[in-house]
Amino acid sequence: MNFRNVAVVYRKELTEWLRDRRTLISTVLVPLLAFPILMVGMTSLMTVMIGKAEKETAKVMIIGGEDSPQVVEKLRQVKDVEIVPYEEDWKKRISEKEIRAAVDIPKGFDAALAQGKELTVKIYFYQGEIKSSFGANHVEKFFNDYRDSVVSGRLASRNLPAAILKPFEVKQENVAPPEKVSGAALGGLLGYMVILLSMTGAIYPAIDLTAGEKERGTMETILSSP
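Residue numbers (the working numbering): 61 to 286.
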């Protein structure tokens, strides 16, 4: 192989590529601008959608609970939760996104709590659907708070402090400066960006190497070069 001829062809191709503004823009400028804009835009859109879904009122169906009016009434008062009438096809309604979640309150819930029995409350939702997940989270938070209030009441009736169940707290404190935190997040994506930019940058020269050379009538020269 004559490397001198290869160098001549390489310089010729590089010169033509740099002269072609359309190829230069699509190969260099578009990836440099498009990918950051696309990433920021998608992140902002997801943030807006998640915030909107979290603030929307969640329609929740109660399964059972007829003999436990106390907990049902408190659940009806929860902000961002709307209790809808019970229907047999509640699973289908969750799947079709007509309601966000359903909560199964065990029979005799209020009476069992008063007797100190252990109970299990089941919350049904559609995994993968963000609105359904938020609805289930609202209901779960209510029952967690309700459970804590029941425990506090039991301790108070026995003249015991609430701290007996939680003698200490554990907190995490960040010592890294904000620029280091953002740099670590960007560093995780940088490798993928380099790969995508490299692939995108190679697409247009590859297209020009075939279609462009054929259009300019220089394909035979390229093929016959040593």
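Don't be surprised by glycine CBs; every beta carbon is placed ideally from N, CA and C. Source: prediction; values computed, not measured.
In this structure, the CA atom of E114 is about 14 angstroms from the CA atom of V120. G124 is bridged by DSSP to I165.
In the displayed model, E142 falls within a strand according to three-state DSSP.
About 17 angstroms separates the CB atoms of A118 and E147; that is not less than 8 angstroms, and the two are not in contact. Nearest to S258 by alpha-carbon distance, out of L89, A67 and Y70, is L89. Excluding the 5 residues flanking it on each side, E178 has no same chain C-beta neighbour closer than 7 angstroms. Taking the Cα of P166 as reference, the smallest distance to any Cα among G251, N204 and I183 is reached at I183. Bounds of the alpha helix (DSSP H) holding Y206 are I190 to S217. Under DSSP, A118 takes part in a beta bridge, and its partners are V141. CA-CA distance, A244 to S104, rounds to 19 angstroms.
Collapsing the DSSP output to three states places Y184 in a strand. Taking a contact as a CB-CB distance under 8 angstroms, the pair S217 and F169 does not count as one, their CB atoms being some 19 angstroms apart.
For R160, no alpha helix (DSSP H) run applies, since DSSP gives it neither H nor E.
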